[in-house]
Amino acid sequence: MKSLELSFGLFKRPAFLLCSVLLFLIPYAQIDFYACYQTASQYTEGLTFNKFMFNIVLNKLLFAVISIWLLSALFRMMNSRLGLERMVLSLKGVLKWQAALFVVAVINAIGFFVISIPLQFVVSPIDFGLAEEPVDAGRVMVSQFSFLTFLGLFLGNANLFNSAMRSRNKTNEKDSIIVSSNIGELSLDIDEVVYAEKSGRKYWVYTNKEVYGLKINLTDLARLLEGKGFFRVNRATIVNLNFVDDIRFWEFDKYILSIRSKEKKEFVMSRDRYRDLKAQDFERAF
216 MKSLELSFGL FKRPAFLLCS VLLFLIPYAQ IDFYACYQTA SQYTEGLTFN
266 KFMFNIVLNK LLFAVISIWL LSALFRMMNS RLGLERMVLS LKGVLKWQAA
316 LFVVAVINAI GFFVISIPLQ FVVSPIDFGL AEEPVDAGRV MVSQFSFLTF
366 LGLFLGNANL FNSAMRSRNK TNEKDSIIVS SNIGELSLDI DEVVYAEKSG
416 RKYWVYTNKE VYGLKINLTD LARLLEGKGF FRVNRATIVN LNFVDDIRFW
466 EFDKYILSIR SKEKKEFVMS RDRYRDLKAQ DFERAF
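Reminder that position 271 of the sequence shown reads as 486 in this note's numbering, one-by-one numbering, no gaps.
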């Protein structure tokens with residue numbers, strides 16, 4: 216069943232986290248700003264709205280930004296344990312992933328209170344204990360907890376959308392390798408590669424039209440081409456299986472692999488490598 220791999224690279228972008236805070240926390244906090252100002256002005260002489268807003272920004276938004284940044288690191292660490300690094304593309308898989316995300320969002324909301332709320336009360340220049348009208352702490356806690364849980368769900372689903380778009384773009388893009396030519400380095404579509412080989416101390420990539428130099432060795436090239444229709448027939452050669460024309464037994468447990476190219480190249484392959492090729496479900500009959 217198909218699945219979507221999530222990278223969580225979005226959480227490493229400070230701009231994304233800052234925009235999330237500004238988008239959701241500031242509108243939410245504006246209501247609290249005015250209510251707190253009305254209460255604080257009753258017992259704090261000379262408290263102007265600008266001074267109050269400055270204190271609130273320092274003691275509320277600053278700690279909120281720091282807390283959300285710290286909790287985003289916690290969010291990334293918990294993903295592997297709860298299976299959020301991969302989502303199965305089915306209704307059950309999506310619901311399971313969203314349920315795990317909800318658990319993370321709740322834990323993040325609890326962590327936010329543990330980190331942020333005590334610090335805000337410690338450094339706050341206003342003693343809200345002197346307020347004439349008591350604050351309904353329960354209602355405030357529930358509303359803030361609900362908001363923070365929603366914020367965690369938003370961050371998780373925003374990253375899910377980002378991962379889906381990256382996966383789609385990667386699928387649409389053609390794979391390529393960097394090769395050298397007489398006009399400099401260029402990007403070569405791997406579908407054009409017929410084979411690559413080592414000759415002396417140099418490495419070459421062959422297409423049906425040109426020959427290009429290669430700056431990496433065949434081991435690194437094989438790693439880049441893994442799972443993309445290529446096979447290392449011997450220590451000095453990697454071939455594109457789409458260009459294989461024939462494989463026949465030769466002698467002493469060795470095989471000859473022929474490819475469709477203008478040079479009509481043939482390569483010697485051991486029995487062990489022939490078995491490895493068959494193990495990769497190379498089903499063409501020869």
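From the three backbone atoms N, C-alpha and C, an ideal C-beta is built for every residue, glycine too. Quick caveat, the model's predicted, so the values are computed rather than measured.
Checklist entry - Is DSSP giving S402 helix, strand or coil here? => result Start at 1 with the first residue of the sequence shown, and residue 402 comes out as number 187. In the structure shown, S402 sits in a strand (DSSP, three-state: E or B).
Checklist entry - If you drop the 5 nearest sequence neighbours on each side, which residues of the same chain put their C-beta closer than 8 Å to that of I393? => result Translated into the one-based positions of the sequence shown, residue 393 becomes position 178. Excluding sequence positions up to five before and after I393, its CB lies within less than 8 Å of the CB of E400, L401, S402, L403, K430, all in the same chain and listed in chain order.
Checklist entry - Roughly how many angstroms separate the alpha carbons of A451 and G442, rounded to a whole number? => result For the purposes of this step, residue 451 is taken as the residue at position 236 of the sequence shown. For the purposes of this step, residue 442 is taken as the residue at position 227 of the sequence shown. If I take the Cα positions, the gap works out to 19 Å.
Checklist entry - Short check: CB of Q495 to CB of F445, under 8 Å? => result On the sequence shown, residue 495 is found 280 positions in, with the first residue counted as 1. On the sequence shown, residue 445 is found 230 positions in, with the first residue counted as 1. Their beta carbons are not under 8 Å apart, which means Q495 does not touch F445 by this criterion.
Next on the checklist: Given this structure, state the Cα-to-Cα distance separating D461 from W419, to the nearest angstrom.
Outcome noted: Position 246 of the sequence shown holds residue 461. Position 204 of the sequence shown holds residue 419. Computed Cα separation, rounded: 22 Å.
Next on the checklist: Give the list of continuous beta strand (DSSP E) stretches no shorter than 3 residues that lie fully inside the region 402–436.
Outcome noted: As far as the region 402–436 is concerned, its whole beta strand (DSSP E) runs of at least 3 residues are 410–414, 417–421, 426–429.
Checklist entry - The alpha helix (DSSP H) with D461 in it runs from where to where? => result Reading the sequence shown from its first residue, position 246 is the one you call residue 461. It is not in any alpha helix (DSSP H) - D461 instead sits in the beta strand (DSSP E) that spans 459–464.
Item to check | Reduced DSSP category for R301 - H, G, I as helix; E, B as strand; rest coil | outcome: Stepping through the sequence shown from its first residue, residue 301 is reached at position 86. R301: strand per DSSP, three-state reduction.
Checklist entry - In chain order, what residues of the same chain have a beta carbon less than 6 Å from the beta carbon of G428, not counting five sequence neighbours either side? => result For the purposes of this step, residue 428 is taken as the residue at position 213 of the sequence shown. Setting aside the 5 residues that flank it on each side, G428 is surrounded in the same chain by S395, each with a C-beta closer than 6 Å to its C-beta; the list follows chain order.
Item to check | Residue of N397, A230, N449 minimising C-alpha distance to K413 | outcome: Against the sequence shown, residue 413 aligns to sequence position 198. It is N449.
Next on the checklist: Can you check which of these residues, S361, W312, G371, is closest to F328 by C-alpha distance?
Outcome noted: One-based indexing of the sequence shown puts residue 328 at position 113. In this structure, S361 is the residue among S361, W312, G371 with its C-alpha nearest to the C-alpha of F328.
Checklist entry - When we look at the beta-carbon of I474 and count the other beta-carbons within 10 Å, is it buried (16 or more) or exposed? => result On the sequence shown, residue 474 is found 259 positions in, with the first residue counted as 1. Counting every other CB atom within 10 Å of its CB across the protein chains shown gives I474 a total of 16 or more, marking it as buried.
Checklist entry - Once you ignore the five residues that flank V426 on each side, which residues in its own chain have a CB closer than 8 Å to its CB? => result Along the sequence shown, one-based indexing puts residue 426 at 211. Result list for V426: W419, V420, in chain order.
Checklist entry - In terms of residue numbering, what span does the beta strand (DSSP E) encompassing R447 cover? => result Residue numbering aside, residue 447 sits at position 232 when the sequence shown is read from its first letter. Counting along the chain, the beta strand (DSSP E) containing R447 begins and ends at 445–449.
Next on the checklist: Checking the sheet assignment: what are the DSSP bridge partners for N372?
Outcome noted: Counting from one through the sequence shown, the residue named residue 372 turns up at place 157. Looking at the DSSP output, N372 shares a beta bridge with no other residue.
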